[in-house]
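A.B. asks: The structure under discussion is supplied below as structure tokens; questions concerning it will follow.
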Amino acid sequence: MAAQLTSTTERSLLATVEEAHERALGALDSGEVLDAVVWLSAHLAAVHRVIQPALRRIPGESAARQRQRMLDLQLERLLRIAERRFSGDAQAAELSSDNLERGLRTALTDHAHAEHSLVAHLESVLSAEELAVLSSAYAAALQHAPTRPHPHAPHFGLLGMAAFRIDAWRDKLLDTMDSRHVPAPRVERHPSAPGRWARYLLGQMER
Numbered sequence: 047m048a049a050q051l052t053s054t055t056e057r058s059l060l061a062t063v064e065e066a067h068e069r070a071l072g073a074l075d076s077g078e079v080l081d082a083v084v085w086l087s088a089h090l091a092a093v094h095r096v097i098q099p100a101l102r103r104i105p106g107e108s109a110a111r112q113r114q115r116m117l118d119l120q121l122e123r124l125l126r127i128a129e130r131r132f133s134g135d136a137q138a139a140e141l142s143s144d145n146l147e148r149g150l151r152t153a154l155t156d157h158a159h160a161e162h163s164l165v166a167h168l169e170s171v172l173s174a175e176e177l178a179v180l181s182s183a184y185a186a187a188l189q190h191a192p193t194r195p196h197p198h199a200p201h202f203g204l205l206g207m208a209a210f211r212i213d214a215w216r217d218k219l220l221d222t223m224d225s226r227h228v229p230a231p232r233v234e235r236h237p238s239a240p241g242r243w244a245r246y247l248l249g250q251m252e253r
């Protein structure tokens, strides 16, 4: 079952954003590397969709934002390698799983530390209402985000928005076909009851 984030109304923006890091680290500690890949892939996509645009509207911190984007890409590339290695890709079979997991932990720590500083900066300059909107937008984006790393896809602007939707649709299809465990929050879709004509086509008798 997909995990559910704690209500954003009860937590700060920083705590909401950092939960994905905590979940990914917990997955690594449990030996569930592919679960960590899901959490971090969805998190990176949601941050690119919501948090990074907010940071660009605030003057200063340009060097920190550039460094964060470099760390994002470094982590995403490593997630792609980990996905291949731990999902049974024959071309990645010779890679050391121990070295790869250690590299993931290091990249995760560096990324989380840098992101913490940027989000803390947002919390220091935005109003409580703005932070609440941003936190809700991040949580919503996380529910719809791609579940696999896409380091070569555009992440920002109109192309980034299109890639977010296309990659999320593609990943959902692949996750279903592969019966892949997706621990990150997903939107629950409940099938609607068939209407009169649908029941007729299905051969169901009227009650």
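So for the sequence shown, the working numbering puts the first residue at 47; every next one is plus one. Virtual Cβ for every residue (Gly too), placed ideally from N, Cα, C. Keep in mind it's a predicted model, so treat the numbers as computed, not measured.
(1) Could you tell me the alpha carbon to alpha carbon distance between A128 and A185, rounded to whole angstroms?
(2) Report all residues from its chain with a CB closer than 6 Å to the CB of D217; omit the five preceding and five following residues, and keep chain order.
(3) Pick out whichever of S133, D118, L74, F132 has its Cα sitting closest to the Cα of H157.
(4) Hey, out of S142, P197, T155, T222, whose CA is closest to E68's CA?
(5) Would you decide whether D144 is buried or exposed? Buried here means 16 or more other CB atoms lie within 10 Å of its CB.
(6) Assuming P229 contacts V84 under a Cβ cut-off of 8 Å, what Cβ separation, rounded to an integer in Å, is found between them?
(7) What does a CB cutoff of less than 6 Å around A82 pick up in its chain, not counting 5 residues either side in sequence?
(8) Under 8 Å: do the segment 134 to 150 and the segment 168 to 184 share three or more Cβ pairs, one atom per stretch?
(9) Please go through the same chain and pick out, in chain order, the residues whose beta-carbon is closer than 8 Å to the beta-carbon of R253, but skip the five residues on each side of it.
(10) When you compare the CB positions of H190 and E122, do they come within less than 9 Å of one another, or not?
(11) Within its chain, find whatever has a CB closer than 7 Å to the CB of S87; leave out the 5 residues flanking it on each side and keep chain order.
(12) With H, G and I counted as helix, E and B as strand and the rest as coil, what does DSSP make of I104?
(13) If you check the beta carbons only, do A187 and A92 fall under 9 Å apart?
(14) Considering only C-alpha positions, which residue in the set V79, A209, M116, S133 is nearest to D224?
(15) Taking L90 as the reference, which of A61, E161, Q112 has the closest Cα?
(16) Can you tell me whether L164 is buried or exposed? The criterion is at least 16 other CB atoms within 10 Å of its CB, across all chains shown.
(17) Measuring straight from C-alpha to C-alpha, what distance separates A209 and H198?
(18) Looking at the structure shown, is A160 part of a helix, part of a strand, or coil, going by DSSP?
(19) Is F202 helix, strand or coil by DSSP?
C.D. replies: Taking the definition as stated:
(1) The count along the sequence shown starts at 1 and reaches residue 128 at position 82. The count along the sequence shown starts at 1 and reaches residue 185 at position 139. Note on geometry: alpha-carbon atoms of A128 and A185 lie some 25 Å from one another.
(2) Indexing the sequence shown from 1 puts residue 217 at position 171. Closer than 6 Å at the Cβ level, and outside the excluded window around D217, lie P192, T193, R194.
(3) For this step, residue 157 is matched to residue 111 along the sequence shown. Comparing Cα positions, the closest option is D118.
(4) Taking the first residue of the sequence shown as position 1, residue 68 is located at position 22. Comparing alpha-carbon positions, the option among S142, P197, T155, T222 lying closest to E68 turns out to be T155.
(5) As a working note, residue 144 is residue 98 in the sequence shown. D144 is exposed by the Cβ-count criterion.
(6) Walking along the sequence shown from the start, residue 229 turns up at place 183. Walking along the sequence shown from the start, residue 84 turns up at place 38. 6 Å between Cβ atoms; contact.
(7) By one-based count along the sequence shown, residue 82 stands at place 36. Here the set comprises A70, A73, L74.
(8) Touching, no.
(9) By 1-based counting over the sequence shown, the position of residue 253 is 207. Caution applies to R253, whose pLDDT of 49 falls short of 50 and renders its modelled position unreliable; the value that the coordinates give is listed next. There are no such residues.
(10) Walking along the sequence shown from the start, residue 190 turns up at place 144. Walking along the sequence shown from the start, residue 122 turns up at place 76. The answer is no: Cβ separation not under 9 Å.
(11) Counting from one through the sequence shown, the residue named residue 87 turns up at place 41. Result list for S87: L125, P192, T193, R194, P195, in chain order.
(12) To locate residue 104, count along the sequence shown from 1; it is residue 58. I104 falls in the coil class under three-state DSSP.
(13) The residue labelled residue 187 in the question sits at position 141 within the sequence shown. The residue labelled residue 92 in the question sits at position 46 within the sequence shown. In this structure, A92 lies closer than 9 Å to A187 by Cβ.
(14) Residue 224 sits at position 178 when you count from the first residue of the sequence shown. Looking at the Cα atoms, S133 is the closest of the given residues.
(15) For the purposes of this step, residue 90 is taken as the residue at position 44 of the sequence shown. Comparing Cα-Cα distances from L90 to each of A61, E161, Q112, the minimum goes to E161.
(16) Here the question's residue 164 lines up with position 118 in the sequence shown. The residue is buried, with at least 16 neighbouring Cβ atoms inside 10 Å.
(17) Translated into positions along the sequence shown, residue 209 becomes position 163. Translated into positions along the sequence shown, residue 198 becomes position 152. Cα to Cα, the separation comes out at about 10 Å.
(18) Position 114 of the sequence shown, counting from 1, holds the residue named residue 160. Three-state DSSP puts A160 in a helix.
(19) Locating residue 202 in the sequence shown gives position 156, where the first residue counts as 1. Here F202 sits in coil by DSSP.
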